[in-house]
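Following this note's numbering, the numbering of the sequence shown begins with 421 at its first residue and continues without gaps.
The next block holds one structure in the form of structure tokens; read it before the comments.
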Amino acid sequence: MELRDVILQRRSIRQYKNETVPYEKLQEIAKYALLAPSGRNQKPVDIVIVTDKHVIEKIKKSREGAFSFLSTAPACFVIVADESSSTWISDASIVASYVQLLAVDYGLSSCWGHAHERYYNNLSVEAEIKNILHVPSNYRVLCVIGIGYADEEKPYHSLQEVDNRKMHTNQW
Numbered sequence: 421m422e423l424r425d426v427i428l429q430r431r432s433i434r435q436y437k438n439e440t441v442p443y444e445k446l447q448e449i450a451k452y453a454l455l456a457p458s459g460r461n462q463k464p465v466d467i468v469i470v471t472d473k474h475v476i477e478k479i480k481k482s483r484e485g486a487f488s489f490l491s492t493a494p495a496c497f498v499i500v501a502d503e504s505s506s507t508w509i510s511d512a513s514i515v516a517s518y519v520q521l522l523a524v525d526y527g528l529s530s531c532w533g534h535a536h537e538r539y540y541n542n543l544s545v546e547a548e549i550k551n552i553l554h555v556p557s558n559y560r561v562l563c564v565i566g567i568g569y570a571d572e573e574k575p576y577h578s579l580q581e582v583d584n585r586k587m588h589t590n591q592w
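Put into structure tokens, the structure is as follows:
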């Protein structure tokens with residue numbers, strides 16, 4: 421599929437079919453996503469692939485409401501990065517974006533949920549997820565991405581949606 425088509429087709433999908441995504445497909449998405457560029461090529465990002473429904477449910481409860489898309493997601497990717505890298509947030513964001521675009525290319529849909537600097541019931545969502553997944557203390561959790569086969573339809577994006585005032589040439 422052409423990259424332009426993937427970009428137009430990518431939508432945040434919050435309802436998924438009750439259909440398992442083959443682990444090999446998830447692993448391949450992760451491998452390609454981890455080829456994303458990073459500051460000074462440090463590659464500080466890791467991906468935790470979660471397919472256990474009980475673990476997904478625990479993650480969902482760490483940010484009830486905002487993570488409601490995990491209710492039907494057969495899998496999720498938790499994007500984490502070593503905080504000793506000064507570019508960890510940017511690097512993890514690029515990997516997460518690659519995951520979402522690759523999901524479309526593999527016939528899947530996804531939804532991004534923020535974890536970094538988010539709180540639920542006065543508890544750090546990031547700390548809760550780190551505890552659930554046994555993430556090392558020097559790693560930070562950027563986001564959770566639900567992945568599965570879409571059980572809702574949304575129209576594709578079009579270039580007509582772009583506000584041309586958002587593009588500037590040579591100066592603001």
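In this text, a Cβ means the ideal position worked out from N, Cα and C, and glycines have one as well.
All values derive from a computational prediction rather than experimental measurement.
Collapsed DSSP secondary structure at residue i in the structure displayed
i: Asp489; result: The sequence shown places Phe at residue 489, not Asp. Note: Phe489 maps to helix in three-state DSSP.
i: Ser432; result: strand
i: Ser511; result: For clarity, residue 511 is Asp in the given sequence; the question names Ser instead. In the structure shown, Asp511 sits in a helix (DSSP, three-state: H, G or I).
i: Ala523; result: helix
i: Tyr539; result: strand
i: Ser677; result: Because residue 677 is not part of the residues shown, which for the chain are 421 to 592, the question remains open.
i: Ser517; result: helix
Beta-bridge partners of residue i, as assigned by DSSP
i: Val470; result: Cys496
i: Asp502; result: Tyr559
i: Ser578; result: In the DSSP output, where bridge partners are listed per residue, Ser578 has none listed.
i: His534; result: Cys563
i: Val465; result: Ala501
i: Ala570; result: Tyr436
Integer Cβ distance of residue i from residue j, believed to fall under 8 Å
i: Ile499; j: Ile449; result: Not really, about 12 Å apart at Cβ, beyond 8 Å.
i: Ile469; j: Ala495; result: 7 Å
i: Asp479; j: Ile549; result: It should be pointed out that residue 479 corresponds to Ile in this sequence rather than to Asp. With 8 Å as the limit, Ile479 and Ile549 qualify as a contact, their Cβ atoms being about 6 Å apart.
Given residue i as reference, the closest of the options once Cα atoms are compared
i: Ala512; options: Asn541, Ala453, Ile433, His554; result: Ala453
i: Gln580; options: Leu423, Glu422, Leu428, Met421; result: Leu428
i: Glu422; options: Ile476, Leu521, Leu553; result: Leu521
i: Ser530; options: Asp502, Asn558, Glu573, Asn590; result: Glu573
i: Ile514; options: Tyr526, Val524, Asp525, Ala501; result: Ala501
For residue i, the first and last residue of its enclosing alpha helix (DSSP H)
i: Ile545; result: The amino acid at residue 545 is misidentified as Ile; the sequence shows Val. That run of the alpha helix (DSSP H) goes 545-553.
i: Tyr452; result: 443-453
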